[in-house]
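Numbering (this note's numbering), first residue to last: 1 to 232.
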DNA sequence: TTCCGGCAGC
DNA sequence: GCTGCGGGAA
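Following this line, the structure appears as structure tokens:
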């Protein structure tokens, strides 16, 4: 069985269990972008509190956020954790978003994927996962988002070697699946849901839709990951 | 007490 | 490579 079939097998098992997850849970693309920064290494339940606090103060627009003092902003997003760092990152992102696209997600989405990705990565506080989350969930670009759950699940099911980095894992999906934003959206959502529910630090394999793990969790090298890059 | 939908600085 | 950032829920 090839890699494409392995991946689609995972997808089908998870999809049968969880169904459509309707990601990203947000009211509009700008809220997706804000959420993508706030959820960095943070439980989503805490991010929801910070988003709600921003909404309540009517600050969930590019202009309103850009006019909010950084220390004040930090206090408002406090429940999301790392609030001083994230206030600075939100500020930097919003300034970028206004300067480059006038605060318009449509304008941002009009550009080509790769140059846009590079520009996002140039914003301090925006790394690969945050950039790709914005590209996929806010701009609807066919970019696969990898994350800690994706890595853990693929490692445990021996679909990647132990030293696989973000780009390698992303490439595994993008080189072996059709470039379909709706597919990448649901696939990532399913991986996160499965990671939260079953593939925790201590795995709960018995009820997991992906079944039990090999006794030896050590990863084996993966053949046929597509070799080259899907883009560039 | 652990863990969370990363990233940057060193 | 290793560390700081951090409140909230399990």
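Backbone N, C-alpha and C fix where the C-beta goes; we use that ideal spot for every residue, glycine too. Just so we're clear, the structure is a prediction, and the values are computed from it rather than from any experiment.
- Under the criterion of beta carbons closer than 8 Å, residue 54 and residue 37 do not qualify as touching, at roughly 12 Å.
- Around the Cβ of residue 94, a 10 Å sphere holds 16 or more other Cβ atoms; the residue is buried.
- Contact check for residue 44 against residue 189 fails: the beta carbons are separated by 9 Å or more.
- For residue 83, the uninterrupted alpha helix (DSSP H) segment begins and ends at 83-101.
- Residue range 181-197 is occupied by the alpha helix (DSSP H) that includes residue 196.
- Under the DSSP assignment, residue 66 falls in the alpha helix (DSSP H) whose first and last residues are 62-66.
- Restricting attention to 81, 124, 180 and 200, the CA atom closest to the CA of residue 41 is found in 81.
- Residue 99 places its beta carbon 9 Å or farther from that of residue 29.
- Judged by DSSP in its simplified three-state form, residue 162 adopts coil rather than helix or strand.
- A contact between stretches requires three or more CB pairs, one per stretch, nearer than 8 Å, and the segment 190-201 fails this requirement with the segment 171-182.
- A direct Cα-Cα distance of roughly 27 Å separates residue 87 from residue 167.
- In the DSSP annotation of this structure, residue 137 is not part of any alpha helix (DSSP H), being labelled neither H nor E.
- Straight across, the Cα-Cα distance linking residue 140 with residue 32 is about 11 Å.
- Rounded to the nearest angstrom, the gap between the Cα atoms of residue 13 and residue 211 is 9 Å.
- When DSSP states are grouped into helix, strand and coil, residue 170 belongs to the helix group.
- Under the three-state reduction of DSSP, residue 56 is assigned to helix.
- Collapsing the DSSP output to three states places residue 104 in coil.
- By the beta-carbon neighbour count (other beta carbons within 10 angstroms, threshold 16), residue 19 is exposed.
- Cβ neighbours of residue 142 within its own chain (closer than 7 Å, five residues either side excluded): 179, 180, 181 and 184.
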